[in-house]
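Position in the sequence shown (from 1) plus 155 gives the number in our numbering.
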Amino acid sequence: MVEPAGVQRGLEDVVALESRICFIDGRQGRLIYQGYDIRDLAEHSTFEEVAYLLWYGRLPTASQVADLRQRFGQLRALPPTLAEQIRSMPLTSSPMDVLRTAVSALALYEPEETKPGSGSIGGAQRLTAALPTIIGTFHRQRVGLPPLTDRPELSQAAYLVYALLDRDPTDLEARAIDVALLLHADHELNASTFAARVTASTLSDLYSAVTSAVGTLKGPLHGGANERVMELLDEIGTPELAESVVRDKLSKHERIMGFGHRVYKVEDPRATILREWSRKLGEAKGNMRYYELLRKVEEVVHREKGLYPNVDLYSGSIYSLLGIPHDLFTPIFASSRVAGWTAHVLEEYQDLRLIRPTAKYVGATDLRYEPVAERTG
Ligand code: COA
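Rendered as structure tokens:
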């Protein structure tokens with residue numbers, strides 16, 4: 156379809172606002188959080204440090220990060236009525252639908268957090284602490300695991316594994332999840348963050364903004380892609396079949412999930428880091444199947460379409476190696492991105508202007524009005 160002049164479909168390349176939180180250099184393949192290169196953060200930092208960095212604009216001292224860890228531990232438990240409501244939701248529900256509903260419902264129990272403004276930092280910490288509990292409460296109910304305890308001694312990454320699998324991760328597993336979480340924590344004006352900022356720009360509250368963001372993340376073109384990557388691997392089966400399956404899909408103009416990006420024109424730096432973690436974890440577990448399949452898929456897609464991997468290509472293989480079911484991948488993404496969503500909402504409150512673009516109208520303007528009785532169809 157030819158676009159009317161002046162319309163940037165999908166708002167591509169439109170600069171919507173100024174932000175200090177995250178910078179993507181799509182040509183150089185660099186991702187920066189508050190001035191720090193993601194590669195340094197993935198090498199040396201934890202999710203807790205990154206959440207602090209996104210919210211406060213500086214890396215925490217050792218005692219500040221210890222305080223934040225302690226705070227997360229204190230903020231994990233849900234109001235008992237809400238926990239019960241989550242357990243009573245249809246067990247066949249999509250975990251993202253449960254998450255969206257529960258985030259919205261949590262606001263009913265925390266009315267003090269629904270006053271928009273800089274005080275929303277408490278809500279940001281609460282939501283970040285509580286998201287793994289929401290997901291874990293639902294998942295444990297549907298698979299018959301015992302109820303959660305707060306486990307304040309665990310990092311966010313280790314708590315997430317415990318919440319979902321009812322076991323403590325090994326050090327290597329915990330670090331793999333920690334890196335995956337910090338790599339997903341923010342990504343400039345991605346669709347869900349934009350949705351959160353649009354909601355906040357009406358002077359609505361943080362919980363409403365995060366509810367909008369969860370609903371936006373759910374779509375397969377955004378957060379749902381890593382789940383689809385694992386479905387593709389199941390369909391391919393063995394590396395020898397990768398070539399024919401992928402080529403067949405491309406010839407039918409199907410999209411291969413985990414490839415392409417609106418901003419990156421080279422490899423997504425998060426994919427580079429996660430590829431290495433997928434290999435490391437695969438070696439430790441004596442299961443290189445996912446890694447080998449993904450390498451083969453990468454080779455074919457790059458050769459045939461010139462597309463590079465994005466963050467979603469390898470993340471699902473890491474979660475699968477731990478034994479996490481596919482439909483929890485997007486909720487895991489949410490439990491990390493909530494740090495970024497809330498940082499952006501806090502920034503929005505500090506420099507607020509209602510986000511309200513315009514549309515180029517291409518419909519009619521001079522139709523003759525017919526009363527209902529005269530309309531023929
Ligand atoms: N597989 C196959 N072809 C792809 C593709 C993919 N993953 N991503 C882009 N393309 C192709 C499109 O078909 C289009 O080709 P055409 O010009 O011949 O029609 C071209 O590349 C441009 O695609 P477009 O949809 O305009 O780019 P975009 O900037 O809107 O898309 C994404 C960005 C992320 C939506 C897109 O790359 C995609 O759908 N990727 C798969 C989903 C995914 O992994 N999402 C997670 C993102 S982190």
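Heads up, the beta-carbon is just placed ideally off N, CA and C, and yes, glycines get one too.
In this structure, residue 364 lies near residue 496, with their beta-carbon atoms less than 9 Å apart.
Residues close to ligand 1 by the beta carbon criterion (under 6 Å to any non-hydrogen atom) are, from first to last along the chain, 165, 376, 380, 410, 411, 412, 413, 414, 415, 416, 417, 460, 462, 465, 466, 467.
A distance below 9 Å separates the beta carbons of residue 335 and residue 491.
Judged by their CB atoms, residue 278 and residue 362 are nearer to each other than the 9 Å cut-off. The Cβ-Cβ distance between residue 486 and residue 251 falls below 9 Å. By the C-beta density criterion, residue 519 is exposed, having fewer than 16 other C-beta atoms within 10 angstroms. Non-local C-beta neighbours of residue 507 in its own chain, meaning closer than 8 Å and more than five positions away in sequence, comprise 355, 356, 358, ordered along the chain. Taking 4 residues as the minimum length, the alpha helix (DSSP H) runs contained wholly in the stretch 263 to 326 are 276 to 298, 311 to 320, in order along the chain.
Apart from sequence neighbours up to five positions away, the residues of its chain that approach residue 281 with a beta-carbon distance below 6 Å are 230, ordered along the chain. Judged by beta-carbon spacing, residue 325 lies beyond the 9 Å limit of residue 197, meaning their Cβ atoms are not closer than that value. Here the stretch 167 to 181 lies against the stretch 412 to 421, with 3 or more beta-carbon pairs under 8 Å apart.
Nearest to residue 345 by alpha-carbon distance, out of 330, 505, 367, is 367. The criterion of a C-beta distance shorter than 9 Å is satisfied by residue 380 and residue 467.
Going by DSSP, residue 224 is part of the alpha helix (DSSP H) stretching over 217 to 229. Each residue's CA atom was taken as its position, placing residue 299 and residue 314 some 18 Å apart. The Cβ-Cβ distance between residue 414 and residue 460 falls below 9 Å.
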